[in-house]
Structure formats: structure tokens, C-alpha cells
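S.K.:
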Amino acid sequence: MFVQAGMIKLGTRPSGYVAAAMVFLYQGIFAIGWMAGVWVYSSEIISLSWRSKDLGLAVASEWIFDFTVLMITPIAINKIGYGIFILFGALNLCFIPLLYFYCPETAGIPLEAIDAVYRPGVDPVKEARRLRRQLKEAKKPHANVESSHIGNTGGILAETVGDEKVVIGHTEEI
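Numbering (the working numbering), first residue to last: 1069 to 1242.
See below:
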């Protein structure tokens, strides 16, 4: 976005080509990166009992904000020119710390165990790290594993590794 803003500010024909290339580059990277990931991640972190409602809200908000940006961008380009791309770039940079501190990495955690990451009074990022570490430890051949059951929504099947419980599955009471 910042390169695009700089190229538009220059106003030469070659810089126009670079600015156009930046649009395609941004869209290509966005489409295979964050755009796809946000749908997978949002469907993964939502509690099983709320998943359909929350994803409906996520889709609705996505389209409302897409529509808003599409309607405002041409007006903003006419009013502030290349500055709109600086604004978009700055907004993108603002999300980096939000993602780092508030969106836990859930790779390796079973989908059914995500509820445990978001228990009340627990830092989701630290809890996800702890669970991933414990699940990794539980897969080692020397791990002392005992089956047990702890209550949640329906129940979470857990294994004890050392002194701590490792969530490995979720059961729903229907």
C-alpha cells in the first residue's frame, strides 16, 4: 500500500505501471493469505454450540465492510488521492499487534478442544501455547498418559500428562 501511494504521488507513466502492479500483487497475496485464513481461523475458534450463529454474523459483517470500503474508496481517492493508500497501509499495520497478542495459534490443537483455550479467566494465547506443548509431549512414547473426563459443554475428554490435563476430544450431549 505504501509503495502504491508513493508511485501514485510520483504521477509518471512508469510509476503508474508499478502502482497497478501493486494492486494485483496485494490482491494476489491477500487472496491466498489472510483472506482465506480468516475464514478457516474464525470457524475454528468459535465454540461448537455457537459456530453457525457466529459464522453467519462474520459473513454478514464481512460483506457490510466490503460494501462500505468499495463505496468510500472512489470518493476518498478523489478527495485525498494517494493518501487513502497510506491510510489503508497504516490500518493493516495496526492489526499486526492485535493478531499477535489476541489471536492464539491453534495448529495442532484438536477442533473439539478449542473451547478449553477460551475458558473464562484464561489468556487464550498462553493457553493455546500450553495445550500445544502438552499435546506434543503426550505424543512422545515416554509420556505417562491416563484417560479422564472433565466437564465443559457436554464434556472434554482429557489425558493426564505428568501433573497436567491435555484436552484430546470433545463430547456433546444431545
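Ideal Cβ positions, reconstructed from N, Cα and C, are used throughout, including at glycine. This one's a predicted model, so the numbers in the text were calculated from it and none came from an experiment.
From Glu-1205 to Tyr-1085, what distance separates their C-alpha atoms?
M.R.: Spanning the two alpha carbons is a distance of roughly 52 Å.
S.K.: Going by other Cβ atoms of all chains shown within 10 Å of its Cβ, with 16 needed for buried, is Gln-1072 buried or exposed?
M.R.: Answer is buried; the Cβ neighbour count reaches 16.
S.K.: Within 10 angstroms of the Cβ of Ala-1196, are there 16 or more other Cβ atoms? Answer buried if so, exposed if not.
M.R.: It is buried - the Cβ of Ala-1196 has at least 16 other Cβ atoms within 10 Å.
S.K.: Within the segment 1078-1122, note down every full alpha helix (DSSP H) run reaching 4 residues or more, in order along the chain.
M.R.: If we require 4 residues or more, the alpha helix (DSSP H) runs fully inside the segment 1078-1122 come out as 1081-1100 and 1102-1113.
S.K.: Can you find at least 3 beta carbon pairs, one from the segment 1109-1125 and one from the segment 1165-1174, that sit closer than 8 Å?
M.R.: Yes, they touch.
S.K.: Would you kindly work out how many angstroms separate the C-alpha atoms of Ala-1181 and Ala-1104, rounded to a whole number?
M.R.: Those two C-alpha atoms are separated by around 22 Å.
S.K.: On a Cα-Cα basis, can you pick out the residue from Tyr-1150, Phe-1156, Leu-1159 and Pro-1178 that is closest to Arg-1201?
M.R.: Out of Tyr-1150, Phe-1156, Leu-1159 and Pro-1178, Pro-1178 has the C-alpha closest to the C-alpha of Arg-1201.
S.K.: Which word fits Met-1069, buried or exposed, when buried means at least 16 other C-beta atoms lie within 10 angstroms of its C-beta?
M.R.: Met-1069 is buried by the Cβ-count criterion.
S.K.: Assign Ala-1087 to one of two classes, buried (16 or more other C-beta atoms within 10 Å of its C-beta) or exposed (fewer than that).
M.R.: Per the 10 Å Cβ criterion, buried.
S.K.: Tell me the DSSP secondary structure of Ile-1177 in three-state form.
M.R.: Note: Ile-1177 maps to coil in three-state DSSP.
S.K.: For the segment 1134-1177, list the beta strand (DSSP E) runs that are entirely contained and at least 3 residues long, ordered along the chain.
M.R.: Qualifying beta strand (DSSP E) stretches: none in this window.
S.K.: Which residues bound the alpha helix (DSSP H) around Pro-1192?
M.R.: That run of the alpha helix (DSSP H) goes 1192-1206.
S.K.: Using the rule of at least 16 other Cβ atoms within 10 Å of the residue's Cβ for burial, across every protein chain shown, is Leu-1159 buried or exposed?
M.R.: Exposed, since its Cβ has fewer than 16 Cβ neighbours within 10 Å.
S.K.: Look at Ile-1132 and Ala-1144 and say whether their C-beta atoms are less than 7 Å apart.
M.R.: It is not a contact, given that the beta carbons lie outside the stated cut-off.
S.K.: Classify Ile-1164 as buried or exposed, calling it buried when 16 or more other Cβ atoms lie within 10 Å of its own Cβ.
M.R.: With fewer than 16 other Cβ atoms within 10 Å, it is exposed.
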